[in-house]
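Below you'll find the structure, written out as structure tokens, and then a few comments.
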Ligand SMILES: [Zn+2]
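Numbering (this note's numbering), first residue to last: 2 to 394.
Next up, the structure:
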């Protein structure tokens with residue numbers, strides 16, 4: 002039998018392998034870029050510092066042909082949009098991320114950016130300065146491979162994600178509406194680097210009890226303790242938990258009273274809630290607002306609400322995951338998906354019905370913690386996946 006004729010056309014797989022090699026050759030440069038981002042501290046609540054970071058990023062993205070536009074913000078850092086034209090008129094893909102971190106100024110001195118084996122450590126390295134760098138390298142690679150970008154790309158980098166995205170949310174949603182899909186460069190889920198196809202919704206509530214103060218020794222019968230009432234309310238709120246259904250309510254911070262010999266006039270609890278779907282969000286919100294005092298002489302006020310609606314695994318989300326999975330398969334990588342409890346700006350874009358895939362950023366551990374790090378060896382294939390998704394999404 003004649004031997005099977007070898008095709009002269011390079012097969013699909015070999016193109017992807019070549020692309021992977023390209024990113025492997027860029028790996029050290031990518032690590033250097035990530036380091037340069039981490040070494041500019043940018044806590045959400047320090048506007049001058051965050052603005053410095055924003056300006057640096059604007060310059061970095063402009064250097065590869067982007068057009069930067071600063072969206073001024075008053076309290077937090079200004080938000081940064083960078084547009085890249087493509088060689089067709091299709092809708093852009095939106096690359097979404099943030100450059101603020103949870104670490105106060107000066108953290109770098111105690112937690113320096115450093116390489117240890119395969120790990121790159123530093124404040125915000127995983128969440129998510131490496132994700133911002135991946136955007137830069139994926140766009141640059143596509144330009145190198147195609148001569149120009151195959152489609153328009155919008156990068157939006159937010160300054161206040163870690164504190165609720167108040168100043169950026171509207172812009173994020175506006176840009177998402179103009180886009181075919183949203184790719185969020187938040188960290189991957191777990192050590193296997195799964196992308197995120199569902200995220201819980203998040204809410205914040207503050208419950209304040211107004212009681213009646215009295216001298217604890219002279220007039221104990223005249224007081225109505227806000228603290229005692231608050232304790233009962235906290236028990237009531239903790240009954241809202243239904244972990245099996247994915248609903249949780251955590252009274253995380255309490256304050257109240259003035260001194261031990263005074264029956265407390267006021268006490269407060271701050272509650273974080275998580276929900277998996279829109280129905281649970283509405284139900285929990287109703288429950289929070291219909292709390293009643295046990296002691297009729299105490300008054301309750303409830304403020305806050307659901308801040309990020311759940312990112313549900315819609316058909317559009319599932320289709321994006323399928324594309325990602327196919328790209329990964331080209332290099333024999335079995336890309337997994339995950340549903341996670343934390344919220345991101347991806348909740349906003351998925352919430353308004355724009356296909357969104359999250360967790361495309363780096364693989365690592367310890368977001369918001371002293372051991373925060375990424376795995377350097379995972380960077381090339383993450384960059385490859387992102388480049389592929391910009392083409393395919
Ligand atoms: Zn993040």
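All residues carry an ideal CB built from backbone N, CA and C; glycine is no exception.
If you're wondering where the values come from, they're calculated on a predicted model, not measured in any experiment.
| query | result |
| --- | --- |
| Would you mind working out which of 227, 216 and 217 sits nearest residue 209, comparing C-alpha positions? | 227 |
| Provide the residue span of the alpha helix (DSSP H) that contains residue 395, from first to last. | No statement about residue 395 is possible, as the shown extent of the chain runs from 2 to 394 and does not include it. |
| Mind listing, in chain order, the continuous alpha helix (DSSP H) runs of no fewer than 4 residues lying wholly within the stretch 62-118? | 108-111 |
| For residue 304, which residues of its own chain have a beta-carbon under 6 Å away from its beta-carbon, when the five flanking residues on both sides are left out? | 207 |
| Short of 7 Å in beta carbon distance, which residues of its chain neighbour residue 389, apart from the five on each side in sequence? Order them along the chain. | 328 |
| Give the secondary structure of residue 400 by DSSP, where H, G and I count as helix, E and B as strand, and everything else as coil. | Nothing about residue 400 can be reported from this structure: the residues present for the chain run from 2 to 394 only. |
| Within the continuous alpha helix (DSSP H) that includes residue 173, where are the two ends? | 170-178 |
| Can you give the beta carbon distance from residue 274 to residue 212, rounded, assuming they're within the 8 Å contact cut? | Not quite, the Cβ-Cβ distance comes to about 25 Å (not below 8 Å), so this is no contact. |
| Using 7 Å as the cut-off, classify the Cβ of residue 374 as near or not near the heavy atoms of ligand 1, replying yes or no. | no |
| Flag this pair as yes or no: are the beta carbons of residue 385 and residue 20 separated by less than 8 Å? | yes |
| Buried or exposed for residue 8, please, with buried defined as at least 16 other CB atoms from any protein chain shown within 10 angstroms of its CB. | Any reading at residue 8 must be qualified, since the residue scores a pLDDT of 48, below 50, and its modelled position is unreliable; the value itself is stated next. Result: exposed. |
| What residue range is occupied by the uninterrupted alpha helix (DSSP H) comprising residue 138? | 131-147 |
| How about residue 111 and residue 38: do their beta carbons lie closer than 8 Å? | no |
| Within this structure, are the beta carbons of residue 177 and residue 353 separated by less than 8 Å? | yes |
| With DSSP collapsed to three states, give me the class of residue 304. | strand |
| Is the separation between the beta-carbon of residue 361 and that of residue 185 shorter than 8 Å? | yes |
| Measuring only the C-alpha atoms, how far is residue 285 from residue 58? | 40 Å |
| Per DSSP, which one or two residues make a beta bridge with residue 206? | 272 and 305 |
| What do you get for residue 277, buried or exposed, if any count of 16 or more other CB atoms within 10 angstroms of its CB means buried? | buried |
| Skipping 5 residues on each side, what residues in its chain have a beta carbon closer than 8 Å to that of residue 170? | 346 and 349 |
| Classify residue 257 as helix, strand or coil using the three-state DSSP reduction. | strand |
| What do you reckon, is the C-beta of residue 79 under 7 Å from a heavy atom of ligand 1? | no |
| Using a Cβ-Cβ cut-off of 8 Å (strictly less than) and excluding sequence neighbours within five positions of residue 383, which residues of its own chain qualify? | 135, 189, 194, 361, 362, 363 and 364 |
| Let me know the secondary structure DSSP gives residue 366 once reduced to three states. | strand |
| Buried or exposed: residue 55, going by 16 or more other Cβ atoms within 10 Å of its Cβ? | buried |
| From residue 161 to residue 77, what distance separates their C-alpha atoms? | 6 Å |
| Which word fits residue 2, buried or exposed, when buried means at least 16 other C-beta atoms lie within 10 angstroms of its C-beta? | Here the model assigns residue 2 a pLDDT of 48, short of 50, so the residue's position is not dependable, and the following value carries that caveat. Exposed: under 16 other Cβ atoms inside 10 Å. |
| In angstroms with no decimal places, state the Cα-to-Cα distance between residue 65 and residue 241. | 50 Å |
| Thinking C-beta only, is residue 252 closer than 8 Å to residue 282? | no |
| Can the beta-carbon of residue 102 be found less than 8 Å from the beta-carbon of residue 49? | no |
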